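Chemist: Residue numbers (the working numbering), protein chains in the order written: chain C, 41 to 378; chain D, 140 to 605; chain U, 56 to 434.
Note that beta-carbon positions come from the ideal geometry of N, C-alpha and C, so glycine has one too.
Since we're looking at a predicted model, the values are computed, not measured.
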Amino acid sequence: MELKFDRSLCEGCGTYDCLTKCQYLRLDERDARREVMKLISGEDSFVLRECVTCYACEEYCKRGNHPFYLITELQEKKGILPAPKPIVKQWVNMGIPTKREPQYFPFAREPVVSLCLFPEFMEELSGKLFEGISFIVGRYFFCQLAYLHFGRPSIIKERLPKIVENIARHGFKEVVFFHDECYSTFTSHARAYGIEVPFRPVHYFEYLYKRLKELEGEIRPLRARIAYQRNCSTRLAPDKEHYLDEIFELMGVERVQRDYDRENALCCGGIFRLQQRYDLYVDVQRRNVEDMVKAKAEYCVFNCPMCYYMLAERVSKAGIRPIMLHQLCKLAVGEPPR
Amino acid sequence: MRAVKKKEEIYKALVEIVGREYVSDRKEDLYIYSRDPGLAEAHEPDFVVLPKTVEEVQRIVRMANKERIPVVPVGASLSLSGLTVPYKGGIVIDLRRMDRIIEVNRRSRYAVIEAGVTQGKLKAYLEENFPDLCHSLPEAPPSATVVGNLVIHGQGHLAQQYGFNSSMVTGLEVVLPNGDVCRIGSCALGPYWFSLEPFPIPAGLFLGWFGATGIITKAGIRLYPKKKLRDVEVFIVEDPNLVPEVIYRVTHTEMAEDVTTSAQPYPPMYQGIIMIQVYITGDVEEELEFKRKLIWRSLKDVIDSKEGGFMALTPDVRGTLLEEPIPTLTRFADVLRGGGFVYCGAIIPVEKFPDALKRLFEIAERHQVTFAHSGRVIGRGHCMMFAFAYPFNREDAEGMERTKRALHDSYVATLEIGGIPWKPEPSVQRTVIERMDKGVAELLKRIRSLLDPNGIMSTANWSVEL
Amino acid sequence: MSTSLADIHRCFRCGWCKLPTNFVDYNCPPYVRFKFESYSPGGRLWLIRAWLKGELGWSERLAEVLFSCVGCRNCAESCKMRFKDEVMDWIVVARSIAVEEGLVPPKVRDFLENIARYGNPWGLPRVQRMAWASRVKKYDGDEYLLYLGCESCYPERGREMAKNVIAVLEAAGVSFGVLGNEEECDGNEAYMLGELGLFQELASRNATKFKELGVKKVLTVSPHAYNSMKRYPERGFEVLHFTQLLHELVQRGKLVLSSVRYKVAYHDPCFLGRYNRIYLEPRRVLQSIERLRLVEMRRSKENAFCCGGGGGNFVFDLLHGPEGPARVRVREALETGAEVLAVACPICKCMLDDAVKDEGLEGKIEVKDLAEIVLDAMK
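(1) Tell me the rounded alpha-carbon separation between D:L605 and D:K227.
(2) For C:V373, which residues of its own chain have a beta-carbon under 7 Å away from its beta-carbon, when the five flanking residues on both sides are left out?
(3) Give me the DSSP bridge partner(s) of U:H296.
(4) Kindly say whether U:A131, judged by its beta-carbon, lies nearer than 8 Å to any beta-carbon of chain D.
(5) Are the beta-carbon atoms belonging to D:I413 and D:A402 less than 8 Å from one another?
(6) Compare the C-beta of D:L605 against all C-beta atoms of chain U and say whether one is closer than 8 Å.
(7) What residues from chain U crowd round D:V187, counting only those whose CB sits closer than 8 Å?
(8) By DSSP, does C:K129 sit in helix, in strand, or in coil?
(9) Closest to C:H229 by C-alpha separation, out of C:R251, C:G211, C:E98 and C:L65, would be which residue?
(10) Of the residues U:C325, U:C134, U:K264 and U:F292, which one's Cα is nearest the Cα of U:G97?
(11) Using a 10 Å radius around the Cβ and a threshold of 16 neighbouring Cβ atoms, would you call U:G213 buried or exposed?
(12) What would DSSP say about D:Q507, mapped onto helix, strand or coil?
(13) Using three-state DSSP, classify D:L605 as helix, strand or coil.
(14) Counting only Cβ pairs nearer than 8 Å, list the residues of chain D close to C:L121.
(15) Cα-Cα, which of C:D319, C:M332 and C:I136 is closest to D:L433?
(16) Just tell me which of U:E256, U:V79 and U:R65 has its CA closest to the CA of U:R354.
(17) For D:G564, I'd like the list of residues in its chain whose CB is within less than 7 Å of its CB, leaving aside the five on either flank, ordered along the chain.
(18) Spatial neighbours of U:I170 within its chain, please: C-beta separation below 7 Å, excluding the five flanking residues on both sides.
(19) Quick one: does U:W101 have its CB under 8 Å from some CB of chain D?
(20) Would C:G119 be called buried (16 or more neighbouring beta carbons within 10 Å of its own) or exposed?
(21) Report the three-state DSSP secondary structure of U:W145 (helix, strand or coil).
(22) If we call anything under 8 Å between Cβ atoms a contact, is U:L200 one with U:F265?
(23) What residues from chain D crowd round C:P124, counting only those whose CB sits closer than 7 Å?
(24) What three-state label does DSSP hand D:Q416 in the structure shown?
(25) Using a Cβ-Cβ cutoff of less than 6 Å, which residues in the same chain neighbour D:R174 once the five nearest sequence positions on both sides are dropped?
(26) Is it buried or exposed, D:L315, if we count other Cβ atoms within 10 angstroms and call 16 or more buried?
(27) Is D:T453 close to chain C, meaning its C-beta is less than 8 Å from at least one C-beta of that chain?
(28) Just the chain C side, please: which residues come within less than 9 Å of D:G411 by C-beta, in chain order?
(29) Kindly identify the DSSP beta-bridge partner or partners of U:E211.
(30) Taking Cβ-Cβ distances shorter than 7 Å, what residues in chain C pair up with D:P383?
(31) Label U:V315 either buried or exposed according to how many other C-beta atoms from any shown protein chain fall within 10 Å of its C-beta, with 16 as the threshold for buried.
(32) Say whether chain D places a C-beta atom closer than 8 Å to the C-beta of U:W71.
(33) Spell out whether any CB of chain D is found under 8 Å from the CB atom of U:G98.
(34) Cβ of U:A105 less than 8 Å from any chain D Cβ?
(35) By Cβ distance, which residues of its chain are closer than 7 Å to C:M350, with the 5 residues on each side in sequence left out?
Structural data, given as structure tokens:
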């Protein structure tokens, strides 16, 4: 499994968006070019040490050349650790299945939703929007993409083929992925590494949009102002985000105009904390939430559970209600949370 | 014939003291009070009695002393080391009907409680009535008694700041083995229970003796400021040799509340690492953040070397760690779905942590048992409690035997690395007495025989006979 | 729901079960009454295990320990282990073994036999069940079947409560009818005492009768009946407790309530509260009454301290005495300064009313059921 990287695309770039647009490194065009040249030649660059692993450069690159995947490959090759060793070890071990974890879901039928490492949402994914769905969940279905944050793409390469097999043996034609990370694994990452995916990955937004459209008559417009917290992994495969805006329109919510949204979104900070960058963690959270307050958002909508876990408290303290996307959708069809 | 008659007389005497409802010689009650939830051998008492007042306790003890009947005072019996097992039969005195919180003096920050007050009851009472005060709460179930914990030199969540729970005693009321009652501390002179010092302190005659020298019926304990906010940081390392340094640095900041350690081989996310939990408190966010920053800063070079780092806690993990007490320790009993665990609590110098952890792994491997470690820093790293903990399954007799052997080896290891077994089983107490300085062993013997010449009190504890 | 004792050895006897989740004070009624560890949930489970393993023989004391549990579920609520929800089931299973082996104590045996023969645990004639309610409409296709239950039909205070509920329903124009003397015991206590066969028989009889009559909705006076019927296998009807309907009626404006001037402490019945998580509706009904001051006891909602009437104890009264749960609970209510102790269960009403008298607190605090308070507010 080799990363499909074409250095000629970088050599002819001219704008070096990957590094000039980076919100954390803030390089001008000249410095960006210098560092890009180092990276594509496999040389050391301070970028490898300073990268906060926000994944944004994958989105910024207009030439489809995977700058972030390259960074992670180089980090691993050079033994550069974005986070302390015990933290990395813990995360690597977190993916090891426990004794009683299911490897196969014999009763799962399509439409099937993969909940990856988030079984806690099984109960909530119920009601009108989720009638008739089955789940696959647990470490045998963990997409592994999180290891990009820890400079360990080799773990992904090692484990992913079995994960694909675990899913594929159920015979699904389509699998709905709850988490942006899973979706990105089986789309962007799979393409970049030449991994065959024998099912069509469907993003959660697509599923939700279609269901909401079917239930359009039952939707009561929420008329709320929401800020959307865009997570890192969505940037790997932003193609499906149009569904999000369509969902918001259907539900009658306004995604407030604010600085830190869409391409300019700020990370939840959770990974920065793991990298022991405490001040940066506090700073991005504060700026992000202040931005939401300034834009008079009533809710902060999350799709990523990790973003939710890391940011919800600060959002809440600022007087904004944190809410998961599916909880908001359920509200719109008259199924408020208990 | 004579023995039976004697028993009937004792029964009548006990009924006369506490009333028929609170004396039992029925086999069901004897069964329960003959054992604790650990692995100690069961021994049946002859009677179980539940007094309500100090006078009742005195009368029971006086009678037992006269008739030379062994007496074992108990709280919730949760030491797990068989300290409350009536090895020589006799009368078990369950003190939990004496559960009044007599006084809380807010200004002087102390509480006066009876022997049967549970940890939970005191905590709830303070939360409701004195929300800016708390007592040092151990990780035992909330049904454990405060005085029982003092009697075994327990440690609570304020250990790093203020030491052993037994150092927080401000006064005692004790019924002596001859039935006399005495007050120790400022309460001996007046109505206030604020201090043991500056008297020559006989409190040490009753703390740590597990009931062998008398029955504590009331205690004054220090209460401490309780802040509105509380949070926890978990620092993890792979190398156990780093742990003493981490603890040294954190305790130097004087910014932490509780500092605890843990290690377990399963599930995989805990394998191969050691976790150091650092709790911080504050009345306002700035106070909390200030403390957090200083603690992070104290570990900067460990972090920069990539050898250690703070975890990012999800709300459920953080929520569990912030519970008071943390139920995870009790849940350890269900790891083997078997209803029990035992542990060798060792009080060791912090610098011996790597040694102790190495021994734990070796012992577990040797006896093929699963295990976990939990620890708590006492004082500014003056020492720590290091637990070698082993779950067991009550339906697995062979497994239980291996667990007992692992437990025994843990005590041996403790002594070998220069530590002190904390609240050990009577058999280990004997080993400790055999090994200790001859002068003090003699002193302990003389104190015991002075206070309890007829040898009736908790005779298995701190005794060489048995 | 556990039906075997295979896991009973997993009880660590750690004692969390003795306390409520807020630790305020001991919350297990038999433990509070007797204070021997044997009467605590953990003690009871260890003794059951010892009995089944042959370490202890059956005895009167063991029977007393086993049948003194009133089934309040505080243990299952507070237990911190993975098997917490089974803890209460284990006690029922152990009792069912005792029943099968013919080992139940005489009081319990009589209780169960009376239910089987007379449809009530006192062994009183069936004709007395609802003779007092002869003018109440018999069920005839009405919206609700109002199910009264033994405890609302035979004891005086229970009848008062039933009359209060009936009066409120009539005032609100609710369409309901009763079964009269044909009413059968709901079986809750039979189940709790381990007589699973009798429970199934009663469940079957009731479900069949309701089906024949075309009953779609059953409204119960007692939370015990509510709980029991919710668990009937193949239940073809909806069950509601009367406080839930009262809540709905208040919300829809069908009950016009003015004011009362007393301070009320609400006592959560175990079978509405811990068993079925109904905490808010009764409180909302009370809060909708002007000038009514609602206060909470130290132990409320999921921490409520049981009145001690469950598990048949409202008949055999094993836990009576100044340290019994009913009297302890009344003293707790008094601490709040409440003038009225509000109940939503006829068993609670009997137990706590007796306790007020035993404590010599008549005139200081009064036990009123929710329907009674609503009636007060309708005057």
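Modeler: Result, derived from the coordinates:
(1) For D:L605, the predicted structure reports a pLDDT of 44, less than 50, and the residue's modelled location is therefore unreliable. A value from the coordinates is still provided. Distance between the alpha carbons of D:L605 and D:K227 is about 9 Å.
(2) Apart from the 5 residues on each side of it in sequence, C:V373 sits with its Cβ closer than 7 Å to the Cβ of K168, L169, L255, E258 and I259 in its chain, given in chain order.
(3) Partner(s): U:T275.
(4) no
(5) yes
(6) At D:L605, the pLDDT of 44 sits below 50, so the modelled position is not reliable; the number obtained from the coordinates is stated separately. For D:L605, the answer is no, since every Cβ of chain U falls outside 8 Å of its Cβ.
(7) F91
(8) helix
(9) The residue with the shortest Cα to Cα distance from C:H229 is C:E98.
(10) U:C134
(11) Per the 10 Å Cβ criterion, buried.
(12) Of the three classes helix, strand and coil, the one that applies to D:Q507 here is coil, per DSSP.
(13) At D:L605 the pLDDT is 44, less than 50, meaning the model places this residue with poor confidence; the figure from the coordinates comes in the next sentence. Coil at D:L605, not helix or strand.
(14) K445
(15) C:D319
(16) U:V79
(17) It should be noted that the sequence gives Glu, not Gly, for residue 564 of chain D. Taken in chain order, the residues that qualify are A179, S220 and G221.
(18) P176, C240, A245 and L253
(19) yes
(20) exposed
(21) U:W145: helix per DSSP, three-state reduction.
(22) Yes; because the gap between Cβ atoms is below 8 Å, this pair is in contact.
(23) In chain order, I442, K445, E446, G447 and G448 make up the part of chain D whose C-beta sits under 7 Å from the C-beta of C:P124.
(24) strand
(25) The beta carbon of D:R174 is closer than 6 Å to those of A181 in its chain, skipping five residues each way along the sequence.
(26) buried
(27) At a cut-off of 8 Å between C-beta atoms, D:T453 counts as an interface residue with respect to chain C.
(28) P126, K129, Q130 and N133, listed in chain order.
(29) None, per the DSSP bridge assignment.
(30) What D:P383 touches in chain C: nothing, since even the nearest Cβ is about 16 Å away.
(31) buried
(32) yes
(33) U:G98 counts as touching chain D.
(34) yes
(35) C308, G309 and G310
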